[in-house]
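What follows is a set of notes on a single structure, which appears directly below.
Protein chains: 2
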Amino acid sequence: MSGDVGLYEGLTTTRAIRRFTDEPVSDEDLAAILFAATRAPSGSNRQPFRFLVLREGAEEAKALIGSTFRSSWAAMSRGQYARLTVEADPTSAAYRAGQAMQRFVDGFERIPVVVLPVFIPYRGTDITSGASIYPACQNLLLAARARGLGGVLTMWHGAIEAQLKTMLGIPEEAVIAAVIPIGHPEGSHGPVRRRPLAELVHEDRWDAPAPWAVDPPGTRYTR
Amino acid sequence: MSGDVGLYEGLTTTRAIRRFTDEPVSDEDLAAILFAATRAPSGSNRQPFRFLVLREGAEEAKALIGSTFRSSWAAMSRGQYARLTVEADPTSAAYRAGQAMQRFVDGFERIPVVVLPVFIPYRGTDITSGASIYPACQNLLLAARARGLGGVLTMWHGAIEAQLKTMLGIPEEAVIAAVIPIGHPEGSHGPVRRRPLAELVHEDRWDAPAPWAVDPPGTRYTR
Chain Z
1 MSGDVGLYEG
11 LTTTRAIRRF
21 TDEPVSDEDL
31 AAILFAATRA
41 PSGSNRQPFR
51 FLVLREGAEE
61 AKALIGSTFR
71 SSWAAMSRGQ
81 YARLTVEADP
91 TSAAYRAGQA
101 MQRFVDGFER
111 IPVVVLPVFI
121 PYRGTDITSG
131 ASIYPACQNL
141 LLAARARGLG
151 GVLTMWHGAI
161 EAQLKTMLGI
171 PEEAVIAAVI
181 PIGHPEGSHG
191 PVRRRPLAEL
201 VHEDRWDAPA
211 PWAVDPPGTR
221 YTR
Chain W
1001 MSGDVGLYEG
1011 LTTTRAIRRF
1021 TDEPVSDEDL
1031 AAILFAATRA
1041 PSGSNRQPFR
1051 FLVLREGAEE
1061 AKALIGSTFR
1071 SSWAAMSRGQ
1081 YARLTVEADP
1091 TSAAYRAGQA
1101 MQRFVDGFER
1111 IPVVVLPVFI
1121 PYRGTDITSG
1131 ASIYPACQNL
1141 LLAARARGLG
1151 GVLTMWHGAI
1161 EAQLKTMLGI
1171 PEEAVIAAVI
1181 PIGHPEGSHG
1191 PVRRRPLAEL
1201 VHEDRWDAPA
1211 PWAVDPPGTR
1221 YTR
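For the record, the sequence lines run as chains Z and W.
Here the first sequence stands for residues 1 to 223, where the numbers follow the numbering used here.
Here the second sequence stands for residues 1001 to 1223, where the numbers follow the numbering used here.
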């Protein structure tokens, strides 16, 4: 494990990992990342969630998710993501990103662990209820990084959520909040591309600039 | 700043901080925590959010939030939180927690920084849209910790959201996803109390035990 990364560095250099080696994820690593996930805050410290960890005994569910991800990506790669595929210059970074996504969906069933964070509603399911589960999902991804693992928060399961719930015995009223594959990264973590801070941060009033909100030197941007 | 804490330790020992010293938060610290916040994942890396940082020029908004928090806590401390106040043994930890909440709301306007993470809807505002803003909020709280600061994710602003949006010029369709006070902690971070892992983690099927999901020795539990 790469246990030496500092907190701040970890926050700023944890990437979405979509390529994994075949190495299994140990029980110890899983316990550690789930422990860290559940240290996150939730409304009134209620922890209105469960984490369903799909491993060897959940082949059918993993196959269903994999199959859906492949058809979702097939549609997206011709539609809103055509810039990463059919329209992309094969020597470009965009094309490589498209290829990485294709490999991710093609090999989905070989990813050793898939975590389903499941939200148990107690007062509706609007965006603010997400404050009681997505901090835990982020802790899970960061803890994976701390243990030398990696993962990605995916949201492509909407069309099969009801089917997955039936298959896995998840109560009807619960919400599968995400699908998070976890494994040993092929490739590495590092700086991520985001929008410039000046576009995202205001001081004291909407649209007012925050002159101090400056990206560090060397920051790479989206678009 | 306490820059030496490791990623994993930071994840498992970052507490909700509700007591702050009067020390101002520097521009450098703010830039660093907002940078870390915006490194979090969001759907399609779209970053459908802004962070509105309330400081000296937003006294009116801070007063409105403080006033609402005080009336919310006044009602809760007689209602669902009576176990922390009127019903609590004054020598108990529960009573001290209630007192800390009272101090928090009483001194709200003196907290140096209040961050409003604002979600800009692009495909509804159900719980899954929270996946595109609450990971950033968690990064913000963890980055505060890394910089020697602290904060707390609060969700008590629902009743004044419309009024706050008008006051601050926030677009009507946007959602104030939380209110996050930030400052230099009085007191310290450390292990948090949560539910036992065995109640929250399942393997391969709902309600099936995950025998490896064991809390580390010394873990403290809620309830």
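Think of the CB as a built atom: it goes at the ideal place given N, C-alpha and C, for glycine as much as any other residue.
DSSP beta-bridge partners of residue i
i: W/A1154; result: Looking at the sequence shown, residue 1154 of chain W is not Ala but Thr. DSSP output for W/T1154 lists W/V1179 as bridge partner(s).
i: W/R1050; result: W/V1118
i: Z/Q126; result: According to the sequence provided, residue 126 of chain Z is Asp. The question's Gln does not apply to it. Note: Z/D126 sits in a beta bridge opposite W/D1126.
i: Z/R194; result: Z/Y221
i: Z/G6; result: W/G1006
i: W/S1020; result: Correcting the residue identity first, residue 1020 of chain W is Phe in this sequence and not Ser. W/F1020 pairs with W/P1185.
i: Z/P209; result: Z/H202
i: Z/V113; result: Z/I182
Cβ-based burial, residue i [other Cβ within 10 Å; buried from 16]
i: Z/S2; result: Here the model assigns Z/S2 a pLDDT of 46, short of 50, so the residue's position is not dependable, and the following value carries that caveat. Z/S2 comes out exposed.
i: W/P1211; result: exposed
i: Z/Y81; result: buried
i: Z/S42; result: buried
i: W/V1086; result: exposed
i: W/T1222; result: exposed
i: W/S1132; result: buried
i: W/P1117; result: buried
i: W/A1144; result: buried
i: W/A1178; result: buried
i: W/S1129; result: buried
i: Z/Y8; result: buried
i: W/A1075; result: exposed
i: W/G1158; result: exposed
i: Z/P181; result: buried
i: W/R1103; result: exposed
i: Z/G124; result: exposed
i: Z/G79; result: exposed
i: Z/R50; result: buried
Beta-carbon proximity list for residue i, same chain, < 8 Å, skipping 5 on both sides
i: W/E1023; result: P1112, G1183 and H1184
i: W/A1226; result: As displayed, chain W neither begins before 1001 nor continues past 1223, which places residue 1226 of chain W out of reach and without an answer.
i: W/A1058; result: V1114 and L1168
i: Z/L142; result: G10, L11, T14 and A36
i: W/A1097; result: L1084
i: Z/H202; result: A208, P209 and A210
i: W/M1101; result: R1018, W1073, S1077, Y1081 and L1084
Spatial neighbours of residue i in its chain, beta-carbon cut-off 6 Å, leaving aside the 5 residues before and after
i: W/I1120; result: P1048 and A1174
i: Z/L140; result: I33 and A37
i: W/A1040; result: P1135, A1136 and N1139
i: Z/V105; result: F69, R70 and W73
i: Z/R195; result: T222
i: W/V1005; result: none
i: Z/G66; result: F108 and E109
i: Z/W156; result: F69 and S72
Residues near residue i by beta carbon distance below 7 Å, same chain, minus five either side
i: W/L1197; result: A1213, V1214 and D1215
i: W/V1053; result: L1030, V1113 and V1115
i: Z/E225; result: Absent from the model: residue 225 of chain Z. The displayed extent of chain Z is 1 to 223, so no value can be given.
i: W/A1088; result: A1094, Y1095 and G1098
i: W/A957; result: Because chain W here runs from 1001 to 1223, residue 957 of chain W falls outside it and cannot be looked at.
i: Z/E186; result: R19, F20 and T21
i: W/R1147; result: M1001, D1029, A1032 and I1033
Given 8 Å, three or more beta-carbon pairs between the segment 1143 to 1152 of chain W and the segment 1011 to 1019 of chain W: yes
Interfacial residues, the segment 61 to 93 of chain Z to chain W, with Cβ spacing under 7 Å: none
Three or more C-beta pairs below 8 Å linking the segment 1193 to 1208 of chain W and the segment 1129 to 1140 of chain W: Short answer: they don't touch.
Inter-stretch contact (C-beta, 8 Å, three-pair minimum) for the segment 190 to 201 of chain Z and the segment 211 to 220 of chain Z: yes
Against chain Z: residues of the segment 1120 to 1140 of chain W by CB proximity under 7 Å: T1125, D1126, I1127, T1128, S1129, G1130, A1131, Y1134, P1135, C1137, Q1138 and N1139
Contact set between the segment 6 to 25 of chain Z and chain W, restricted to residues whose Cβ is under 8 Å from the partner: Per Cβ criterion, the list reads G6, L7, Y8, E9, G10, L11, T12, T13, T14 and A16.
Against chain Z: residues of the segment 1172 to 1201 of chain W by CB proximity under 7 Å: Within the segment 1172 to 1201 of chain W, contact with chain Z at the beta-carbon level (separation under 7 Å) is assigned to V1175, A1177, A1178, V1192, R1194, R1195, L1197, L1200 and V1201.
Contact set between the segment 1146 to 1168 of chain W and chain Z, restricted to residues whose Cβ is under 8 Å from the partner: Hits within the stretch, in order: A1146, R1147, V1152, L1153, M1155, G1158 and L1168.
Cβ-based contacts, 8 Å cut-off: residues of the segment 37 to 54 of chain Z near chain W: T38, R39, A40, P41, G43, N45, Q47, F49, R50, F51, L52, V53 and L54
Residues, ordered as in the chain, of the segment 1096 to 1119 of chain W that lie near chain Z by beta-carbon distance below 7 Å: F1119
Contacting positions in the segment 198 to 222 of chain Z - beta carbon closer than 9 Å to chain W: E199, L200, V201, H202, E203, D204, R205, W206, D207, A208, A210, P211, W212, A213, V214, D215, P216, T219 and T222
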